[in-house]
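Undergrad: Under this note's numbering, the first residue of the sequence shown is numbered 13, with each subsequent residue one higher.
Every residue gets a Cβ at the ideal spot worked out from N, C-alpha and C, and that includes glycine.
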Amino acid sequence: MTSANLLKISSKNSKVLKSLLRVKDELPMDQLTKLALLSPSFCDLMLDILFPKRRPPTVTTPVIHQCVRQIGFERVRHLFLCSSFISIFKNVHMPDFRKGYFWQDSVRRGFAAQAIAEELQYPSPYEAFIAGFASELGSLLVAARLPHLSPYIYRLRAMPSELRNQNAQILTGFSHVQELQRTGLAELFPPRIIQAILTHYQPFMADNRQDFLSCILYAADCLGDLSQTFPKTEALRRCRYGIDILQRSKNHQLDIETLFTMAETNSNSLSQDMGIDVSPALDFRSLTDLPKLVSFLTNTHNQPPSRKEVEDRNGFLQRLNMLLQNTDSDYSFSLILLNIDNFDSINTSYGYPTGDNLLSLISRNMLKSMRASDVIAYLGKDEFAFLLPQTSTTGGRIVAERLRSLIKSSYLTIGMQRIGCTASLGGLTVVGKNKRSTDQIWSEVREQIQLAKKKGKNRVSWLLNQI
Numbered sequence: 013m014t015s016a017n018l019l020k021i022s023s024k025n026s027k028v029l030k031s032l033l034r035v036k037d038e039l040p041m042d043q044l045t046k047l048a049l050l051s052p053s054f055c056d057l058m059l060d061i062l063f064p065k066r067r068p069p070t071v072t073t074p075v076i077h078q079c080v081r082q083i084g085f086e087r088v089r090h091l092f093l094c095s096s097f098i099s100i101f102k103n104v105h106m107p108d109f110r111k112g113y114f115w116q117d118s119v120r121r122g123f124a125a126q127a128i129a130e131e132l133q134y135p136s137p138y139e140a141f142i143a144g145f146a147s148e149l150g151s152l153l154v155a156a157r158l159p160h161l162s163p164y165i166y167r168l169r170a171m172p173s174e175l176r177n178q179n180a181q182i183l184t185g186f187s188h189v190q191e192l193q194r195t196g197l198a199e200l201f202p203p204r205i206i207q208a209i210l211t212h213y214q215p216f217m218a219d220n221r222q223d224f225l226s227c228i229l230y231a232a233d234c235l236g237d238l239s240q241t242f243p244k245t246e247a248l249r250r251c252r253y254g255i256d257i258l259q260r261s262k263n264h265q266l267d268i269e270t271l272f273t274m275a276e277t278n279s280n281s282l283s284q285d286m287g288i289d290v291s292p293a294l295d296f297r298s299l300t301d302l303p304k305l306v307s308f309l310t311n312t313h314n315q316p317p318s319r320k321e322v323e324d325r326n327g328f329l330q331r332l333n334m335l336l337q338n339t340d341s342d343y344s345f346s347l348i349l350l351n352i353d354n355f356d357s358i359n360t361s362y363g364y365p366t367g368d369n370l371l372s373l374i375s376r377n378m379l380k381s382m383r384a385s386d387v388i389a390y391l392g393k394d395e396f397a398f399l400l401p402q403t404s405t406t407g408g409r410i411v412a413e414r415l416r417s418l419i420k421s422s423y424l425t426i427g428m429q430r431i432g433c434t435a436s437l438g439g440l441t442v443v444g445k446n447k448r449s450t451d452q453i454w455s456e457v458r459e460q461i462q463l464a465k466k467k468g469k470n471r472v473s474w475l476l477n478q479i
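Rendered as structure tokens:
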């Protein structure tokens, strides 16, 4: 029995998947709404994200269109694609194969490919995301076809991708790349993506889109291995090699730390939206320092929610000054500044009491989502600030994205009206012995807020590579 026979994909779901794999950037939002309405399970997921406590009584076109508009076209496209594939394998028996971690890794590889594609101006970053997300899909298909071997196939995931592919072929008779090609799933994908998955282990940069995508996929594969495989030094060597192929061919500098952080941040955020139990996001600077890596993983645990109140500006600045005086070279903390978008228009349209009530709701929701060690301050008007002790750049960006998403899904209900807002966030991480003053750091984080506003609001801007 082939792995394709084990998967239950109706003709309707197959049509939806095929459409999703070919969604263009210029597709009107109402067309994406119509596509989403064909999948009740995805509509439920969007409603869970936007209305976690009190959902609309019925699923209608206006409600789903509002979900698409609020969550955002690009994020809906990613969520829809990934959740559709996850649902296909939901009931497939694979003993000791941890599907949650597999899907998180697949999403990570997708975002790594997209980040590289955006940097190098590849014609379709979404196409690169699909290729990265699907690059390891064959190993899941092998585990589905041979469930008695699924524990061994899962353990191969600690190896670099080339070795993983070779060992799977020895173990099962088919590499995971060949497994994807021989199933009916391959027919859903555009030919360019399947060809890139087949050829990306032998990257060769030429002046055509097909080879360009294969090289992007190889580099994204290497970036994905940084989080998953050991030893980290070997994974980092391969990653530099993959990135160097693209840099030399495109004459464009790519920063591995930036790409890695973006992939980790986005994959954790999207995986949490889909209800996947995610592993801690790694800090790039700890990858080649084993004691630091062990310490990071040991200390990255969920702590109980904070039960303290939001602090004022003076108390917050005192805390910030204390952290800046820390002389431990390994100590790090992240600072986030949050500004509500267009808050004046809310006060003008609904009145100041409504604006105050909305701020109170947002404050309560944010307090529930933070650790006991985190510090939250209300700075006045429409600004909040956050101090995250012992938090790396990756961890800080993940918290910022979570806060952005939380505010976007917070609504104040007045009669038949649901009043909500979005937020722009700026952040930075201070690592080691700090040589900057409080005013300098405060100025830097405010610059990030302005960058987020200029890029369209409802987003996070983070200052990278700061010591």
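1. Look at L484 and Y164 and say whether their C-beta atoms are less than 8 Å apart.
2. M13 by DSSP, collapsed to three states: which one?
3. Where Q78 and L336 are concerned, what is the direct C-alpha to C-alpha distance, given to the nearest angstrom?
4. Assuming I205 is part of the alpha helix (DSSP H), what are its boundary residues?
5. Within the same chain, show all residues whose beta-carbon is closer than 7 Å to that of S136, passing over the 5 residues directly before and after it, in chain order.
6. Please report the straight-line C-alpha distance between L299 and T403, rounded to a whole angstrom.
7. Smallest Cα separation from I61: which of D117, I76 and L50?
8. With DSSP as the reference, identify every bridge partner of E395, one or two as the case may be.
9. Would you list the one or two residues that DSSP bridges to R409?
10. Residues in the same chain with beta-carbon distance under 7 Å from T241, minus the five sequence neighbours each way, listed in chain order, please.
11. Measure how close the beta-carbons of E148 and R121 come, nearest whole angstrom, since I'm counting them as under 8 Å.
12. Determine the burial state of Y364: buried for a count of at least 16 other Cβ atoms within 10 Å of its Cβ, exposed for fewer.
13. Nearest CA to the CA of S53: which residue from L91, L294 and A143?
14. Go ahead and pull the three-state DSSP assignment for F92.
15. Would you please state the rounded distance, in angstroms, between the beta carbons of A146 and I98? I believe it to be under 8 Å.
16. My understanding is that M286 touches C94, with C-beta atoms under 8 Å, so please give their C-beta distance in whole angstroms.
17. Just reading off the beta strand (DSSP E) that G439 is part of, what are its end residues?
18. Along the chain, where does the beta strand (DSSP E) containing V472 start, and where does it finish?
19. To the nearest angstrom, report how far apart D451 and N333 are at their CA atoms.
20. Look at S412 and L437 and say whether their C-beta atoms are less than 8 Å apart.
21. Nearest to P40 by CA position, among N220, P64 and R81, is which residue?
22. Grab the span of the alpha helix (DSSP H) containing I288 for me, first residue to last.
23. From this set, G144, S281, L329 and Y390, which residue's C-alpha is nearest I128's C-alpha?
24. Going straight from the alpha carbon of L347 to that of S151, what length do you get?
TA: Once the coordinates are examined:
1. Look at the range of the chain in this structure, 13 to 479, and you will see that residue 484 is not part of it.
2. Low local confidence applies: a pLDDT of 44 at M13 is under 50, so the model's placement there is unreliable, and no value is given.
3. 43 Å
4. P203 to T211
5. none
6. 15 Å
7. I76
8. N351 and G392
9. Paired residues: none, contrary to the question.
10. A170, M171, P172 and A247
11. 7 Å
12. exposed
13. L91
14. helix
15. Not confirmed; about 13 Å, so no contact.
16. 6 Å
17. A435 to V443
18. V472 to L475
19. 10 Å
20. The sequence shown places Ala at residue 412, rather than the Ser named in the question. In this structure, L437 lies closer than 8 Å to A412 by Cβ.
21. R81
22. Premise fails: I288 is in no alpha helix (DSSP H) and is neither H nor E.
23. G144
24. 40 Å
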